[in-house]
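For the protein sequence lines, the chains are U and E, in the order given. Mapping of the first sequence onto the numbering used here: position 28 corresponds to residue 881, and the numbering continues sequentially without gaps. Mapping of the second sequence onto the numbering used here: position 152 corresponds to residue 162, and the numbering continues sequentially without gaps. No residue lacks a Cβ here, since even glycine has one placed at the ideal position from N, Cα and C. To keep things clear, I will list the structure first and then write my remarks on it.
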Amino acid sequence: MFTTGAGLAVLTAALMGLVVGVAVVAQTIYAATMDHIREYGTLKAIGATNRHLYRVLIEQAVWSAVLGYGFAMFLAHFIVQGSEKGGALILVPLPMKIGMLFLAVFMCIVAALVSINKVTHIDPAMVFKG
Amino acid sequence: MTPFAPNPPIPYPSPEIPVIRARALSKIYREGATELRALSSVDLDIFSGQLTLLMGPSGSGKTTLLSILGCILRASEGCLELLGEDVTSLPEKELPRVRRLVIGFVFQGFNLFPTLTALENVELALDVRGSRGKLARLRAEELLHEVGLQDRKHAFPADLSGGQKQRVAIARALAGDPPILLADEPTAALDSTSGRAVIELLQRLAYHHRRAVVMVTHDPRVLSYGDRILHLEDGRLIREENPRHSIAAAHHFPAAQPSPNFSENFPVGS
Numbered sequence: 854m855f856t857t858g859a860g861l862a863v864l865t866a867a868l869m870g871l872v873v874g875v876a877v878v879a880q881t882i883y884a885a886t887m888d889h890i891r892e893y894g895t896l897k898a899i900g901a902t903n904r905h906l907y908r909v910l911i912e913q914a915v916w917s918a919v920l921g922y923g924f925a926m927f928l929a930h931f932i933v934q935g936s937e938k939g940g941a942l943i944l945v946p947l948p949m950k951i952g953m954l955f956l957a958v959f960m961c962i963v964a965a966l967v968s969i970n971k972v973t974h975i976d977p978a979m980v981f982k983g
Numbered sequence: 011m012t013p014f015a016p017n018p019p020i021p022y023p024s025p026e027i028p029v030i031r032a033r034a035l036s037k038i039y040r041e042g043a044t045e046l047r048a049l050s051s052v053d054l055d056i057f058s059g060q061l062t063l064l065m066g067p068s069g070s071g072k073t074t075l076l077s078i079l080g081c082i083l084r085a086s087e088g089c090l091e092l093l094g095e096d097v098t099s100l101p102e103k104e105l106p107r108v109r110r111l112v113i114g115f116v117f118q119g120f121n122l123f124p125t126l127t128a129l130e131n132v133e134l135a136l137d138v139r140g141s142r143g144k145l146a147r148l149r150a151e152e153l154l155h156e157v158g159l160q161d162r163k164h165a166f167p168a169d170l171s172g173g174q175k176q177r178v179a180i181a182r183a184l185a186g187d188p189p190i191l192l193a194d195e196p197t198a199a200l201d202s203t204s205g206r207a208v209i210e211l212l213q214r215l216a217y218h219h220r221r222a223v224v225m226v227t228h229d230p231r232v233l234s235y236g237d238r239i240l241h242l243e244d245g246r247l248i249r250e251e252n253p254r255h256s257i258a259a260a261h262h263f264p265a266a267q268p269s270p271n272f273s274e275n276f277p278v279g280s
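Set out below in structure tokens:
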């Protein structure tokens, strides 16, 4: 993997993709949370616990991960097929596919932490303000 | 079993015992060195089966009082008992449970979830209370039927009129079958016909279901519906009226003729 330097380049690109992915997903989930902040406030006012709200956010994060993973695997399938015709064969074995799914879910849950922190501190009294 | 023990049913108190009992409630907002006293030594007893109106000018402390009664805000001083239990001493993390089990909220701006149908909005409130699946759906349908909206259950809030939205919000507030309903200016954003339907519905919930309904309002049209009117000014409870005695019987809503069957007063499209 590290003989030619190509492996290192791919690994670096993958790590950067992971970091950028976490940032993008975090930003997206945070923006969605802020858009619905009043609704989270309403849920708190009617008695939802923070745990209930975490469940909602983590569910969203997991769905984002699963949908993103599905789309990525769909693209990867064609790229792998194309690579068979080219010079450099790309291998995506099943354990790697499974590992990627877990990584994507983990990444999205980490990304949701910022939003979780936000909803934890929502003041339910906001529902009575204009 | 105490009223807030984890397992319902919540006992409905006898008419002699106040559902809400507040003593010397005060609320002081502090920001740096500045202090704002929003409520000062409010004493209050609210009984089940009554529609109580909270009135007063802007900034008089009505919404602050409602928020404290609803365990959304904590009083700075004083004591609040709900169903005979002192909630001022409960830890913060216990308050959502009190709100879930004892209180239903109706908001001026409806606060419905725009991406959910009327039925799903009510189901969400049941979900918060741990009720899911087919039983929750049946209960949500029952609640929408109770507010006269069974035929609009699949409509999204954007497709409902103001009055219909408020009735969905009331159905949602009833999800936990709470003995206390707190409403923050529920008729303010409504025309007179829809406003009348909403206030009559709240009155029915107080009378027929023995709930304590407390409603903040600026709306002079609803005065004659209240059993008690509590006037707040500068954070103090300055006066109490019984509109049955002090206000002429004529309602201020046009053609208001409260019917024993209140659902007849829900005009289509309200």
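Are any of the Cβ atoms in chain U nearer than 8 Å to that of residue i?
i, result
"E/Thr73", "yes"
"E/Val208", "no"
"E/Val138", "yes"
"E/Phe9", "The shown model of chain E, from 11 to 280, leaves out residue 9 of chain E, and the question about it has no answer."
"E/Leu229", "The question names Leu, but residue 229 of chain E in the sequence shown is Asp. With 8 Å as the cut-off, E/Asp229 does not count as an interface residue toward chain U."
"E/Pro194", "The displayed chain sequence assigns Asp, not Pro, to residue 194 of chain E. Yes, because at least one Cβ of chain U sits closer than 8 Å to the Cβ of E/Asp194."
"E/Leu129", "no"
"E/Ile257", "Since pLDDT at E/Ile257 reaches only 47, below the 50 mark, its modelled position is unreliable, and no value is offered."
"E/Arg110", "yes"
"E/Ala135", "yes"
What's the call for residue i, buried or exposed, on a 16-neighbour Cβ count within 10 Å?
i, result
"U/Phe955", "exposed"
"E/Ser256", "Note that E/Ser256 scores a pLDDT of 49, beneath 50, so its modelled location is shaky and nothing firm can be said."
"E/Ala168", "exposed"
"E/Ser204", "buried"
"U/Val980", "buried"
"U/Val877", "exposed"
"E/Asn252", "exposed"
"U/Thr895", "buried"
"U/Glu892", "buried"
"U/Tyr922", "buried"
"E/Asp194", "buried"
"E/Phe57", "buried"
"E/Asp229", "buried"
"U/Asn970", "exposed"
"E/Ser234", "buried"
"E/Glu41", "exposed"
Mapping DSSP to helix, strand and coil, what is residue i?
i, result
"U/Leu942", "coil"
"U/Gly870", "helix"
"U/Lys990", "Residue 990 of chain U is absent from the model: chain U starts at 854 and stops at 983."
"E/Gln60", "strand"
"E/Arg47", "strand"
"E/Leu136", "helix"
"E/Lys37", "strand"
"U/Met979", "helix"
"E/Ile82", "coil"
"U/Val972", "helix"
"E/Glu91", "strand"
"E/Val178", "helix"
"E/Ala32", "strand"
"E/Val108", "helix"
"U/Ala885", "helix"
"E/Leu192", "strand"
"U/Ile932", "helix"
"E/Gly114", "strand"
"E/Val52", "strand"
Taking residue i as the query, report the chain A residues whose CB atoms sit under 9 Å from its CB, ordered along the chain.
i, result
"E/Arg107", "The structure shown has no chain A; the protein chains it does contain are U and E."
Is there at least one Cβ from chain E nearer than 8 Å to residue i's Cβ?
i, result
"U/Glu912", "no"
"U/Thr895", "yes"
"U/Phe981", "yes"
"U/His974", "no"
Taking one C-beta from the stretch 92-107 of chain E and one from the stretch 116-136 of chain E each time, how about it: are there three or more such pairs within less than 8 Å? no
Between the stretch 140-156 of chain E and the stretch 932-939 of chain U, are three or more C-beta pairs nearer than 8 Å? no
Mind the definition here: the stretch 79-89 of chain E touches the stretch 30-43 of chain E only if three or more C-beta pairs lie below 8 Å; say whether that holds. yes
Please give the ranges of any beta strand (DSSP E) in the stretch 198-265 of chain E, keeping only runs that are unbroken, at least 3 residues long and fully inside the region. 222-226, 238-243, 246-251
Every unbroken alpha helix (DSSP H) inside the stretch 127-172 of chain E [4 residues or more]: 128-138, 143-156
Within 8 Å, do at least three Cβ pairs link the stretch 908-920 of chain U to the stretch 955-975 of chain U? yes
Tell me whether the stretch 38-57 of chain E and the stretch 205-212 of chain E touch, counting them as touching only if at least three CB pairs, one residue from each stretch, are closer than 8 Å. no
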